[in-house]
Amino acid sequence: MDIHNVAVIGAGTMGHGIAQVSALAGSAVKLFDASPDAVARGLQKIRDSLQKGVEKGKTRAEDAEAALARITGVSQLGEAAEGVDLLVEAIPERIELKQQLFLSLQSLAPAGAIFASNTSSLSIGGIASPLADPGRVIGMHFFNPVPIMALLELVVSDQTRPEVLDAARAFGARIGKETITVRDMPGFATSRLGVCLGMEAIRMVEQGVASAEDIDKAMVLGYRHPVGPLRLTDMVGLDVRVNIGEHLARALNNPAFEPPALMRQMVAEGKLGQKSGQGFYRWG
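Numbering (my numbering), first residue to last: 304 to 587.
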């Protein structure tokens, strides 16, 4: 199951990053979003990111140009699905949305195409359950920012076929990612650990233990994390992490994942992190 043609569904922060790394690795990529404006913004973000890579000497100018030439923005789901080997969804974290998308795609995409979800916490088996062929579905959990972060978490349900996992591993290697394989359990490996740490860091701010900056500095300098849990929460989006935390608290019956009152208050006030310009830090 060689992967040469890729469609990314959802042109937001994760989607345009996935499209970029796929194109840089030589794949033909179609970038779809229900909003044409979102596709245009996603393509511009890719151009800006590649240009920064060229300016920093991390990407050759000719490679950036070739990658841009391989990416096509599309406005019809059927056009996105036509002739692809891999479909990666990067839409909001609601299982019914992901199920409905894959149900639509199964009549539009080739029979052998792999369906991958970038979900960070939802059940892959649950997402795949309405499909005629749930064995084609795998979790491909990328990390933000996709062009920089080295990890790709592959999540397999009981139905995921071995050849689908093999193809996903090979694709991960081709786009320069280190892959780990995780069973389809709530929160997988990364979200289960990362969200728990993030929620505790927010409780520490809430209790006045230390400032957000100092808590993050403790984890960066003391534990060699590349970014602190509060800055990471800003980057992911407080609203996104509230939803993930609520899901994991229920699924694991563990109050450690319950979003703190401070976090809920910030979301209610529109302080969502980087995308709104204000979270635990000021952005922009």
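For glycine and all other residues, C-beta sits at the position ideal for the given N, C-alpha and C.
Going by other Cβ atoms of all chains shown within 10 Å of its Cβ, with 16 needed for buried, is residue i buried or exposed?
i      : result
Lys361 : exposed
Asp305 : exposed
Ser424 : buried
Val332 : buried
Ala416 : buried
Glu456 : buried
His307 : exposed
Gly548 : buried
Pro437 : buried
Ser338 : exposed
Asp336 : buried
Arg544 : buried
Ala383 : buried
Lys401 : buried
Pro563 : buried
Ala419 : buried
Val387 : buried
Leu496 : exposed
From residue i to residue j, what distance separates their C-alpha atoms?
i      : j      : result
Glu385 : Ala412 : 6 Å
Asp487 : Ser426 : 6 Å
Glu561 : Val309 : 36 Å
Arg439 : Asp340 : 31 Å
Ala473 : Val570 : 39 Å
Ala559 : Leu535 : 18 Å
Pro532 : Gly501 : 5 Å
Val485 : Ala370 : 30 Å
His460 : Leu380 : Note that residue 460 is Ser in the sequence shown here, rather than His. When rounded, the distance between both Cα atoms is 26 Å.
Ser325 : Gln510 : 43 Å
Asp517 : Ala504 : 11 Å
Ser494 : Leu468 : 20 Å
Phe583 : Met566 : 10 Å
Gln403 : Gln409 : 10 Å
Ala470 : Ser378 : 27 Å
Leu327 : Ile441 : 22 Å
Pro450 : Ile321 : 8 Å
Lys348 : His319 : 7 Å
Glu466 : Lys574 : 43 Å
Glu392 : Ile478 : 17 Å
Ala554 : Leu334 : 32 Å
Ala435 : Ser514 : 51 Å
Tyr526 : Lys520 : 9 Å
Arg464 : Val458 : 12 Å
Leu390 : Ile312 : 7 Å
Glu365 : Asn556 : 51 Å
Gly329 : Leu551 : 37 Å
Lys359 : Arg350 : 14 Å
Pro448 : Ala414 : 31 Å
Val342 : Thr316 : 11 Å
Gly376 : Asn546 : 29 Å
With H, G and I counted as helix, E and B as strand and the rest as coil, what does DSSP make of residue i?
i      : result
Val539 : helix
Arg553 : helix
Arg363 : coil
Gln354 : helix
Gln581 : strand
Gly576 : strand
Leu406 : helix
Ala412 : coil
Glu368 : helix
Pro433 : coil
Glu382 : helix
Arg567 : helix
Val545 : helix
Gly428 : helix
Glu399 : helix
Phe446 : coil
Pro562 : coil
Spell out the partners DSSP gives residue i in its beta bridges.
i      : result
Ala419 : Val391 and Ile441
Thr375 : Lys333
- 4 or more residues per run - each alpha helix (DSSP H) lying fully within the region 304-347: Along the region 304-347, the alpha helix (DSSP H) occurs as fully enclosed runs of 4 or more residues at 316-327, listed in sequence order.
- Task: For the region 451-537, list the alpha helix (DSSP H) runs that are entirely contained and at least 4 residues long, ordered along the chain.
- Result: Within the region 451-537, the runs of alpha helix (DSSP H) at least 4 residues long that lie entirely inside it are, in chain order, 465-477, 493-509 and 515-525.
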